[in-house]
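Visitor: Quick one: the structure is below, and I'll ask about it shortly.
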Amino acid sequence: MELLAPAGNFDKLITAVHFGADAVYFSGKNFGLRAFAGNFTDDEIEKAFEFLHKNNKKGYVTINILANDSDFETIDEYLNLLIKVKADGIIVSDLGLINYIRKNFPSINIHVSTQANITNSYSAKFLEELGVKRIVLARELNLEQIKNIHTNLNNVELEVFIHGAMCISYSGRCLLSNYLTGRDSNRGACVQACRWKYFIREENRDDELPIEEDQRGTYILNSKDLCLIDYLEQLKQAGVESLKIEGRMKSDYYVASVVNAYRRAIDGYQDLNILHQELEKTSHRRYTTGFMFGSDDKEYLEDSMPVQSYIFVAKVIENSKNGRVKVEMRNRFKEGDILEILSPSDNFLKNIKINNIVDDKGEKINDVKLVQQIVEIDCPYDLSKGDILRIEKK
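If you want it as structure tokens, here you go:
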């Protein structure tokens with residue numbers, strides 16, 4: 067199965083590949099549903115595909131807004147760019163746009179976005195007849211429904227979200243953001259109003275009362291995060307060909323940690339408990355299996371604040387040599403700290419005690435506290451550019 071990772075910007079794309087993604091999905095500056103991610107300029111799109119194809123990886127570009135007529139006036143130039151760079155696929159939700167691309171740009175592989183709400187084999191067959199390459203199924207489906215859709219298709223791949231934030235609205239078609247702020251989530255400008263804390267007010271009173279759901283809080287629209295790392299074989303048997311991680315707005319560290327965990331799970335890593343712990347070490351809300359197993363895990367309400375057990379403190383910027391490694395600071399660390407290695411190699415989870423810190427001027431220091439400061443430290447392991455050092459959160 068393909069492991070598909072989010073890439074909110076070029077650095078995250080490189081991180082996803084380093085930690086084992088088979089493919090990444092990202093957006094240009096227009097037509098995508100994550101306008102507040104870094105996203106890619108046209109030049110960066112070209113460089114991204116050069117990098118991906120050089121490393122035998124695939125890239126899919128999101129054009130998943132719910133389109134207006136005006137969007138069709140400028141789409142041709144963008145699609146021609148994607149043909150030029152040999153994009154492996156585009157992710158589209160709007161039916162009119164799907165039909166337009168299929169007729170006018172037949173060489174482009176179309177992946178139908180989860181925003182298209184494909185929940186049955188009849189809709190899937192219709193899209194197969196339109197000539198789409200892949201369908202990203204609605205998140206509301208359970209395992210048996212996915213299996214049934216697969217059984218009724220011939221030549222269409224199925225992609226399923228396996229990890230990350232869940233939208234409280236049906237397959238992400240939310241009106242809250244637009245209604246409350248004028249920023250349309252269906253055109254890439256979601257303010258995540260579902261993560262806010264809400265109150266209720268009786269019309270004849272001026273004071274507000276919290277909506278008490280239970281002892282954990284009042285976040286009535288806030289979902290847990292999806293996590294299906296224990297069920298990858300069941301998804302494979304159901305006919306799923308691509309496993310998708312959510313998170314184009316998430317951090318570089320999130321991409322590294324989650325991709326690393328799922329890569330190892332797909333490749334048969336024996337200790338799933340270690341991978342569960344790995345997924346606790348990066349920012350997340352409590353986990354759920356969502357709709358995958360019917361009504362077995364429907365406790366969706368969650369506090370708005372994510373948690374994590376480790377802090378990303380440094381990124382390796384050159385391969386280590388002669389017992390030393392050069393890193394770029396992400397959070398403060400100092401002499402004597404014990405840092406844990408996050409790496410796709412066998413150095414995963416090994417520890418380094420920080421000794422002999424030297425800054426980029428060749429001066430010895432004992433406290434790394436300047437933002438993105440470049441330093442060298444002692445290192446007994448062969449670390450690679452892109453590996454990460456982290457420290458347990460106290």
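Residue 385 in the working numbering sits at position 319 of the sequence shown; the count goes up by one each step and never skips.
Even glycine gets a Cβ: it sits at the ideal position worked out from N, Cα and C.
Return the residue from the list Asp425, Lys387, Val434 and Asp448 that minimises the CA-CA distance to Asn413.
Guide: For the residues Asp425, Lys387, Val434 and Asp448, the minimum Cα distance to Asn413 belongs to Asp448.
Visitor: With respect to the alpha helix (DSSP H) encompassing Leu341, which residues constitute its N-terminal and C-terminal limits?
Guide: Run containing Leu341: Leu338 to Glu346, per the alpha helix (DSSP H) assignment.
Visitor: So, with DSSP's three-state summary, where would you put Val324?
Guide: Helix.
Visitor: Taking its Cβ as the centre, do 16 or more other Cβ atoms sit within 10 Å of Pro72, making it buried, or is it exposed?
Guide: Buried: at least 16 other Cβ atoms inside 10 Å.
Visitor: Assuming Lys400 and Asp425 form a contact by the criterion Cβ under 8 Å, report the distance between their Cβ atoms to the nearest whole angstrom.
Guide: That belief does not hold up - the Cβ atoms of Lys400 and Asp425 are roughly 13 Å apart, past 8 Å.
Visitor: State whether the stretch 81-88 contacts the stretch 315-331, with contact taken as three or more CB pairs (one from each stretch) at a distance under 8 Å.
Guide: Yes, the stretch 81-88 is in contact with the stretch 315-331.
Visitor: Determine the burial state of Arg282: buried for a count of at least 16 other Cβ atoms within 10 Å of its Cβ, exposed for fewer.
Guide: Interpretation of Arg282 is limited by its pLDDT of 48, a score under 50 that renders its predicted location unreliable; the figure taken from the coordinates is listed afterwards. Counting Cβ neighbours within 10 Å, Arg282 comes out exposed, since fewer than 16 surround it.
Visitor: Find the nearest neighbour of Ala204 within the set Asn214, Tyr188, Glu225 and Lys120, judged by alpha-carbon distance.
Guide: Closest option to Ala204, Cα to Cα, is Glu225.
Visitor: Note down, in chain order, each residue of its chain lying with its Cβ closer than 7 Å to the Cβ of Leu145, except the 5 sequence neighbours on either side.
Guide: The residues are Ile167, Phe171 and Ile174.
Visitor: Measuring CB to CB, does Ile332 end up less than 8 Å from Leu298?
Guide: Going by C-beta atoms, Ile332 is nearer than 8 Å to Leu298.
Visitor: Can you check which of these residues, Ser349, Ala327, Leu405 and Ile431, is closest to Lys290 by C-alpha distance?
Guide: Here the closest residue by C-alpha is Ser349.
Visitor: Count the other CB atoms, across all protein chains shown, that sit within 10 Å of the CB of Lys152; report buried if there are 16 or more and exposed otherwise.
Guide: It counts as exposed.
Visitor: Could you give the first and the last residue of the continuous alpha helix (DSSP H) run that contains Asn417?
Guide: Run containing Asn417: none in the alpha helix (DSSP H); it sits in the beta strand (DSSP E), Asn417 to Lys419.
Visitor: Output yes or no for whether 8 Å exceeds the beta carbon distance between Ile157 and Thr128.
Guide: Cβ distance < 8 Å, so Ile157 and Thr128 count as in contact.
Visitor: Use the C-beta contact count for Gln438: other C-beta atoms within 10 angstroms, 16 or more gives buried, fewer gives exposed.
Guide: Exposed.
Visitor: Tell me which residues share the same chain as Leu405 and place their Cβ nearer than 6 Å to its Cβ, disregarding the 5 neighbours each side in the sequence.
Guide: Ile418, Leu455 and Ile457.
Visitor: Do you know whose CA, among Glu307, Lys451 and Ile80, lies nearest Ile215's CA?
Guide: Nearest C-alpha to Ile215: Glu307.
Visitor: In three-state DSSP terms, what is Arg330?
Guide: Of the three classes helix, strand and coil, the one that applies to Arg330 here is helix, per DSSP.
Visitor: Could you pull the DSSP bridge partners for Asp425 from this structure?
Guide: Answer is Val441, bridged to Asp425.
Visitor: So which of Asn130, Asp444 and Lys460 has the shortest CA-CA distance to Ser386?
Guide: Out of Asn130, Asp444 and Lys460, Asp444 has the C-alpha closest to the C-alpha of Ser386.
Visitor: Is Phe227 buried or exposed, if buried means 16 or more other CB atoms sit within 10 Å of its CB?
Guide: So Phe227 counts as buried.
Visitor: Hey, would you say Val382 sits closer than 8 Å to Gly452, going by beta carbons?
Guide: Against a cut-off of 8 Å, the Cβ pair of Gly452 and Val382 comes out as a contact.
Visitor: Just the Cα atoms here: how many angstroms apart are Asp154 and Tyr126?
Guide: Straight-line Cα distance between these residues: approximately 6 Å.
Visitor: From Ile149 to Thr355, what does the alpha carbon distance come to, in whole angstroms?
Guide: Going by the C-alpha atoms only, they are around 37 Å apart.
Visitor: How should Asn105 be labelled, buried or exposed, when 16 other C-beta atoms within 10 angstroms of its C-beta is the threshold for buried?
Guide: By the neighbour-count rule (16 or more Cβ atoms within 10 Å), Asn105 is buried.
Visitor: Taking buried to mean at least 16 other C-beta atoms within 10 Å of its own C-beta, is Phe97 buried or exposed?
Guide: Buried is the call here.
Visitor: Can you name the start and end residues of the beta strand (DSSP E) that Ser466 belongs to?
Guide: Past the edges of the chain, shown from 67 to 460, lies residue 466, and the structure says nothing about it.
Visitor: When burial is assigned at 16 or more other CB atoms within 10 Å of the CB, is Leu220 buried or exposed?
Guide: Before going on, a small fix: residue 220 reads as Asn here, not Leu. Exposed, by the Cβ-count rule.
Visitor: For the alpha helix (DSSP H) holding Ala190, just list the boundary residues, first then last.
Guide: Where Ala190 is concerned, the enclosing alpha helix (DSSP H) stretches over Ser187 to Leu196.
Visitor: Can you tell me whether Gly248 is helix, strand or coil according to DSSP?
Guide: In this structure, Gly248 counts as coil in the three-state DSSP scheme.
Visitor: So what's Gly283 in DSSP terms, helix, strand or just coil?
Guide: Its pLDDT being 49, under 50, Gly283 is placed unreliably in this model, and the value from its coordinates should be taken loosely. In the structure shown, Gly283 sits in a strand (DSSP, three-state: E or B).
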